[in-house]
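When the letters of the sequence shown are read in order and numbered with our numbering, they come out as residues 55 to 195. A quick write-up on the structure given underneath.
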Amino acid sequence: MKATNFAILTIVLSLFFSPSSAKTLKDSLFPMIEVTLSNESGDNIYHLCNFNSSQKSFNLLPKGEKVSWQFRQHLFPTRWCYLYLNDEKHGFFWAYTVRLKCKECAWKITNGPYIYRMRDKIWELAYLHPIPGTSFDPDGR
């Protein structure tokens, strides 16, 4: 029994590390995801997203501009973004979850975050979750 388990493990590992099939298997098991935020609000907005560990403060996204991130999907990842549109409208939304079923997730920011549902060919408004007691100073960030 132990020899069989070892043989199976060896085969699986060789698939991951063989140059020809490793990339295909890796891409099918752990696909690359791209998330894009487009600022179509007519005003500058600020965002803080957890796509990489180096982003620790809010970043300006000027009107008409866009920003993208890529990452590899492992198991059940979630990625959030905190948006500051104005004093009354700010909070976080789930920029990527497995339930969104997108590999190229396109978000447009107008009066809130909208995800493009490719299958239905519609823009769907996502809920912006406010965090009670938070305030934001664009100059001091």
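Note that beta-carbon positions come from the ideal geometry of N, C-alpha and C, so glycine has one too.
Rounded to the nearest whole angstrom, the C-alpha separation of PHE84 and LYS157 is 11 Å. The continuous stretches of beta strand (DSSP E) do not include SER189, and DSSP gives it neither H nor E.
In this structure, TYR138 and TYR100 form a Cβ contact; the two beta carbons are roughly 4 Å apart against a cut-off of 8 Å. Looking at the DSSP output, CYS103 bridges to CYS135. The beta carbons of TRP134 and CYS103 sit about 7 Å from each other, so the pair counts as a contact at 8 Å. The DSSP-derived three-state label of THR78 is helix. With contacts defined as CB atoms closer than 8 Å, LYS143 and LEU182 qualify as a contacting pair. In the DSSP assignment, ASN93 falls within the unbroken beta strand (DSSP E) covering 86 to 93. Around ASP97, the same chain offers LYS117, LEU139, ASN140 as residues with beta carbons nearer than 8 Å, after the five sequence neighbours per side are excluded. Boundaries of the beta strand (DSSP E) harbouring LEU114: 113 to 115, taken from the DSSP string.
In the structure shown, GLN124 falls within a strand segment according to DSSP collapsed to helix, strand and coil. In the structure shown, TYR181 falls within a coil segment according to DSSP collapsed to helix, strand and coil.
Spanning the alpha carbons of GLY166 and ILE176 requires a straight line of approximately 15 Å.
Only buried fits ILE87, as 16 or more other CB atoms lie within 10 angstroms of its CB. For GLU158, the uninterrupted beta strand (DSSP E) segment begins and ends at 158 to 163.
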